[in-house]
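Q:
Number of protein chains: 6
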Amino acid sequence: MRIDGRNTDDLRPVQLTPDFIPHAEGSVLIEVGRTRVICTASVEESVPLFMRGSNKGWITAEYSMLPRATESRTPREASLGRKSGRTQEIQRLIGRSLRTAANLDLLGERTIWVDCDVIEADGGTRTASITGAFVAMVQAMDKLVDKGALNTVPIRSSIAAVSVGIVDGVPMLDLNYEEDANAEVDFNVVMTDQREFVELQGTAERQPFSKTRLDALLDLAESGIAQLIDTQQQALGAMRKR
Amino acid sequence: MRIDGRNTDDLRPVQLTPDFIPHAEGSVLIEVGRTRVICTASVEESVPLFMRGSNKGWITAEYSMLPRATESRTPREASLGRKSGRTQEIQRLIGRSLRTAANLDLLGERTIWVDCDVIEADGGTRTASITGAFVAMVQAMDKLVDKGALNTVPIRSSIAAVSVGIVDGVPMLDLNYEEDANAEVDFNVVMTDQREFVELQGTAERQPFSKTRLDALLDLAESGIAQLIDTQQQALGAMRKR
Amino acid sequence: MRIDGRNTDDLRPVQLTPDFIPHAEGSVLIEVGRTRVICTASVEESVPLFMRGSNKGWITAEYSMLPRATESRTPREASLGRKSGRTQEIQRLIGRSLRTAANLDLLGERTIWVDCDVIEADGGTRTASITGAFVAMVQAMDKLVDKGALNTVPIRSSIAAVSVGIVDGVPMLDLNYEEDANAEVDFNVVMTDQREFVELQGTAERQPFSKTRLDALLDLAESGIAQLIDTQQQALGAMRKR
Amino acid sequence: MRIDGRNTDDLRPVQLTPDFIPHAEGSVLIEVGRTRVICTASVEESVPLFMRGSNKGWITAEYSMLPRATESRTPREASLGRKSGRTQEIQRLIGRSLRTAANLDLLGERTIWVDCDVIEADGGTRTASITGAFVAMVQAMDKLVDKGALNTVPIRSSIAAVSVGIVDGVPMLDLNYEEDANAEVDFNVVMTDQREFVELQGTAERQPFSKTRLDALLDLAESGIAQLIDTQQQALGAMRKR
Amino acid sequence: MRIDGRNTDDLRPVQLTPDFIPHAEGSVLIEVGRTRVICTASVEESVPLFMRGSNKGWITAEYSMLPRATESRTPREASLGRKSGRTQEIQRLIGRSLRTAANLDLLGERTIWVDCDVIEADGGTRTASITGAFVAMVQAMDKLVDKGALNTVPIRSSIAAVSVGIVDGVPMLDLNYEEDANAEVDFNVVMTDQREFVELQGTAERQPFSKTRLDALLDLAESGIAQLIDTQQQALGAMRKR
Amino acid sequence: MRIDGRNTDDLRPVQLTPDFIPHAEGSVLIEVGRTRVICTASVEESVPLFMRGSNKGWITAEYSMLPRATESRTPREASLGRKSGRTQEIQRLIGRSLRTAANLDLLGERTIWVDCDVIEADGGTRTASITGAFVAMVQAMDKLVDKGALNTVPIRSSIAAVSVGIVDGVPMLDLNYEEDANAEVDFNVVMTDQREFVELQGTAERQPFSKTRLDALLDLAESGIAQLIDTQQQALGAMRKR
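Residue numbers (this note's numbering), protein chains in the order written: chain A, 59 to 300; chain B, 59 to 300; chain C, 59 to 300; chain D, 59 to 300; chain E, 59 to 300; chain F, 59 to 300.
1. Would a check of beta-carbon distances place B/K141 closer than 9 Å to chain A?
2. Report the three-state DSSP secondary structure of A/M297 (helix, strand or coil).
3. Closer than 9 Å, CB to CB, is C/I88 near chain E or not?
4. Leaving out the 5 sequence neighbours to the left and right, which residues in its chain are closer than 6 Å to A/A279 when beta-carbon positions are compared?
5. Ordered along the chain, which non-local residues of its own chain (more than five positions away) have a Cβ less than 6 Å from that of C/A262?
6. Strictly by DSSP, which residues pair up with F/A159?
7. Entirely within the region 187 to 269 of chain F and at least 3 residues each: give me those beta strand (DSSP E) ranges in chain order.
8. Let me see if you follow: with CB-CB separation under 9 Å, is E/S104 close to chain C or not?
9. In this structure, how does DSSP classify A/I96 when only helix, strand and coil are distinguished?
10. Starting from the Cα of B/Q197, find the closest Cα among B/G63, B/I224, B/L74 and B/E129 and give me that residue.
11. Pull up the distance between the alpha-carbon of D/E236 and that of D/G181, whole angstroms please.
12. Per DSSP, what are the beta-bridge partners of C/A119 in this structure?
13. Excluding five sequence neighbours on each side, which residues of the same chain lie with their C-beta closer than 7 Å to the C-beta of B/Q149?
14. Under 8 Å: do the region 205 to 221 of chain C and the region 182 to 190 of chain C share three or more Cβ pairs, one atom per stretch?
15. To the nearest angstrom, report how far apart F/R154 and A/E147 are at their CA atoms.
16. Report all residues from its chain with a CB closer than 7 Å to the CB of F/P212; omit the five preceding and five following residues, and keep chain order.
17. In terms of residues, what are the limits of the beta strand (DSSP E) holding B/L74?
18. Rounded to whole angstroms, what's the CA-CA distance from F/D232 to F/A296? Just pull it up for me.
19. Can you say whether D/D173 is buried or exposed, counting buried as having 16 or more other CB atoms within 10 angstroms of its CB?
20. For D/L208 and D/F108, what's the separation of their Cα atoms in angstroms?
21. From this set, B/K141, B/G115 and B/F245, which residue's C-alpha is nearest B/S104's C-alpha?
22. If you draw a straight line from the alpha carbon of F/A82 to that of D/A136, how long is it in whole angstroms?
23. Could you tell me which chain D residues have their CB closer than 9 Å to the CB of A/T158, listed as they occur along the chain?
24. Apart from the five residues just before and just after F/T250, which ones in its own chain have a Cβ nearer than 7 Å to its Cβ?
25. Using a Cβ-Cβ distance cut-off of 9 Å, determine whether A/R60 contacts chain D.
26. Given this structure, state the Cα-to-Cα distance separating F/M123 from E/R144, to the nearest angstrom.
27. Pull up the distance between the alpha-carbon of B/L258 and that of C/P266, whole angstroms please.
28. Can you find the residues in the same chain that come closer than 7 Å, C-beta to C-beta, to B/R131, ignoring five residues on each side of it along the sequence?
29. Check the Cβ-Cβ distances between D/L107 and every residue of chain A, and say whether any is below 9 Å.
30. Buried or exposed, going by whether 16 or more other CB atoms sit within 10 Å of the CB of F/P80?
31. In whole angstroms, what separates the C-alpha of A/V228 from that of D/T158?
32. Measuring straight from C-alpha to C-alpha, what distance separates F/E254 and E/A241?
33. Under the assumption that E/G190 contacts E/V86 (Cβ atoms under 8 Å), give the Cβ distance between them as a whole number of angstroms.
34. List the residues of chain F whose Cβ lies closer than 8 Å to the Cβ of D/S137, in chain order.
35. Looking at the strands, I want to know which residues DSSP matches up with C/S32.
36. If you measure from the beta carbon of C/M305 to each beta carbon in chain B, is any gap under 9 Å?
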């Protein structure tokens, strides 16, 4: 039994609140346990300089935490004058994952900006961001189809993300902050609805790990991501019915 | 009648959701019409260098908008590498107002950091921030009293803030974004529960204004602020009962 | 009687030295007591990107203090790598005031850059900057008329600025540094020659203030600004005769 | 057969030139095909603030590329005024890997700074950096033992790193730049001499990949890393004999 | 005859106005033709970290130009967020020259900050800065002696600076802006009252120059500097008499 | 006899390794004693904005030191977020010298970027950079001629650079780090193969120096530069034969 009563293969409760920022093209509040992230998708009718004339679209992500998302206050990056390495690493991961899920060839020469702003952080903020960002992005694409700017939703596969790790020698799904802080091994996994990998980032925080352990972790991740993709589909289905 | 059906002396609906970020010492979500701001108060057991040994406390504020708080996306200040002049002006205003409301001599050598993060912006974000920040700050002070760190809540007066302005020649209370964008004159007023002024910032956006007009605007502000202080007291009262 | 022997409603001696930087389109050294500011106006035959094609002009201001303008040396902002919030707030105030005084529709697609560089600071640097900047700006506009680039001087009203405040309970006009440092209430007022307000920024530095006090302060400001506008007109008249 | 004539499971020729920067505590030039990186290790007799008094050591890494390491010139980060997200991601990876290899408890309160400067880049610069950095770090530790500052070399396991990827559908070991630019899947793997994982970073550049593919890639990585660790040991052995 | 009627070995008219910023420990306005620089010297009773406990003093300089010192407006370095290479080069030159003139061993553990702010620039701003800065620095040292903080003025030699150059094939003393812009060779020379060199910086702007030419230029510089040192001594003598 | 056994007029051993970075248009590793610098020249088929349409070329230089080029580690400028004044001064010197050596009128509208990266520093890094940079630049120009982009190598004169200085009262050629740290006078001289000066930068580090001393130093510099130009010519001759 884990500190919050879950089994090792349990996700925390997941809730998606669509249209959290009503005027945005896409938006969702994702809550995974006490981790809460506002994800918005904004459509800009142009692409970065290096893609002009390519007839392709672009998707880019930014990630940030409110100063008091964390247990004690974290200084604001705008006050420090620059983004930390951690922030940049996370937003590069989110952007890459979304671009792999999408079909940029069918998006037209436009950019989707995805913003993930963590308002409360209890572990797994980057994976919750990806899972929520996918929903906001698809909602924005749906609106482009609705208004006739696109013929089809330019998605190649659904994606979601989860963390897994080894805590006190035991592989566990969806670590909260306390578990994460004590993990010997820490993985972030992004997968498709076809159970294929999009991103795999594993770190031996305290000690190296064997191939056997890796396989156990990836099995846990796969089962968690399947559930997350179900939750995403229900939210998107509900939004489309309206 | 105004574009959203209000009378010239009507506030928009105001809602305060305390404990919006549960682990923060103080926190509230303030909603004024569609303007929504997360205000948190964080207690740090030290003061800035220039106040060490003074036996006084300090209160400082930071203000930011999520990129998609605005109708179209605004670039993130952490990405630009510096805060805009507007942001700095607003957070200096919030900080000054809170320090005037508080009694720094009774706070002890500690700092209260107040963060105001706008998640949706429809005019009046700086005044909503002040009104919400006061509640978060008092909640944090209450907790210091509860745990015995302070004998008394170090507040000299309650404060709240509202915008007033002249739109199409008519003085109006609590401008929304569309009204604000068309205002000839724009005022931000911070007042106490004793109906005294803490801050007064008025700008002739399009044409200079007379003393008569100024007086009419300040009357509107006074009535609005009285209502806002009532709402604050109800929220604080409810929190203290728990 | 005040520390420097003035009555509460006395301005300090004011002197305007036009053409202080001879090659600039407009320039003046303004001295208000020991506060000295070099104001220059520079004409650039283009406007910022967001105004291209609007057929309107633009006016923008920058403000700075020499390191040793202050009693003890203040670090240089270029050394720190960024402007302080105070500097940005002041230069935004100067720019807004000048734009309200001018008729941008008649300026043509050109920008007037106004630079206010404080060489000695004894209180009231921002209001002295506005009073001097107006003269430098009009001189630059005069030259545009002289060389046929404009038919008329694109000014809607003359403006000047002054500080007022409450020191030891007494409302006073034109605070010097020592008075300002002890003021309970501090106001900066920008008015036109028609005695209408352009900007009003009041702060309760120590304690909130009543409407009665506000009215007394604004009366003082009005009388001071009337005198400053006289001084400006004399300087501009002398320049135009040459 | 690959574009440079290698088999899919061949490393490029690897060469380690120790003492490349003679006055550094540890230094090596690592060449992997045409990829060349200067790795130095510098010992500083203090630790970062957050570790003072912990009786532990710290290891940190910085990574950079000379502007003309790349086929066409890349602007210098010192000229841009900040490190790119890619640079920060890489130097965080190098630092984490080295800290996992080392026993910080036995290092004493000192810091080892590892600098990896790429002078020529033909793919795999981050993995070559790790492989070279390990040698430079151990050399610096050896010197601490030699001069009596440490009793034992504070290493828990040898580590090395390699890239693997899928190019035109074929899993390959140690991608050069051209292969990397065309890879569908791209992995960086850091492993110990016990064939356990330290870091695993895999990205679907073009399309998601299955567990089967993952396993094939990890097998390739394991064989490559075993060879790299042999090469490191020979270099370290030769250095220790002198 | 030169464009402004001078002979090749004529200085422009030089004027020193001491106490230009009365509250500074040392200050002078130096005017060399139309080049005008405000020089101040500020005494700080501490030294930089690397000199603590050395029982020596330190002298450092900063240089800046007001935006409209130049014929057309130059953007402000505080707005750009960093000092240009030119500015840094000049302030390093001023600081080195003053430190060579002074006896840091006799200054005590204090710093003299010298600020040179150019209000009008017509060539030779760096040399005028050095000539003026020396006077401001000595005035500040005199005050330290007057108040008993020092026994003796810690100066080893008087210094002054001038530019020389070759224009249209002719060596000339003290170039104004137009001459400087057309110079083939451009020299800045700092010398003592003993006719010894402190700094020599010569650049072939258009074509290399021979030793014979160099000697001619240095002769011109020597004669100009002798006159400047006379002017400095008169100004310092007058200040000391008061 | 000097600390490393040289006579006062001896250069340290000089070695030029051309094509050190094979894919660059020009590259050389220059070694002067233990000072080692990688110089590359990169051709870009455009010029900076201010030169567009001028039908002229441009040459610009950047200079940097690897962190461990120095005896103890120097923080990386990209980590500090800005280049030091020293770095900017040096790269401005290198760029000016190369532009004087070249004939920009014959280069066509293209830019040559010269990068000088010091991998080991034992005094004289800026002069070694210039001597090496000239070779890399000419090699890049040779390639432009070879591929028909230019008719002739656009060089007006060969240049090389050396340091001279006075140590313990004795004028010496080509100071190493230890000598440089103890020098009373320190000169950097750039000259042509016609024995004419391009740049002369002399500083009295400890005490002013006479014209007699200056002449002795320039004689030493001239003899050293003649030898360096020979070495450059041999390297360029060898490269052209291949």
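All C-beta atoms, glycine included, are put in the ideal place defined by N, C-alpha and C.
A: Reading it off the structure:
1. yes
2. helix
3. no
4. Within the same chain, and ignoring the five residues on either side of A/A279 in sequence, the residues whose Cβ sits closer than 6 Å to its Cβ are V220, V222 and V247.
5. Only residues of its own chain outside the window of five on either side were considered, and among them V243 have a CB closer than 6 Å to the CB of C/A262, listed in chain order.
6. In the DSSP output, where bridge partners are listed per residue, F/A159 has none listed.
7. Runs of the beta strand (DSSP E) inside the region 187 to 269 of chain F: 217 to 225, 228 to 231, 241 to 250 and 255 to 262.
8. Taking 9 Å as the threshold, the shortest C-beta distance from E/S104 to chain C does not fall below it.
9. In the structure shown, A/I96 sits in a strand (DSSP, three-state: E or B).
10. B/L74
11. 8 Å
12. C/V172
13. A119, E120 and Y121
14. yes
15. The alpha-carbon atoms of F/R154 and A/E147 are separated by roughly 40 Å.
16. A160, N161, L164, L165 and M199
17. Per DSSP, B/L74 belongs to the beta strand (DSSP E) from V72 to P76.
18. 26 Å
19. buried
20. Cα to Cα, the separation comes out at about 23 Å.
21. B/G115
22. 21 Å
23. T261, A262, E263, R264, Q265 and P266
24. S215, S216, I217 and V256
25. no
26. 21 Å
27. Spanning the two alpha carbons is a distance of roughly 11 Å.
28. So the qualifying residues of the chain are P125.
29. no
30. exposed
31. Near 20 Å, if we compare the C-alpha coordinates of D/T158 and A/V228.
32. 17 Å
33. 5 Å
34. Residues of chain F passing the Cβ test: E120 and K141.
35. Residue coverage of chain C in this structure runs from 59 to 300, which leaves residue 32 of chain C outside it and unanswerable.
36. Chain C is shown only over 59 to 300; residue 305 of chain C falls outside these bounds and no answer can be derived.
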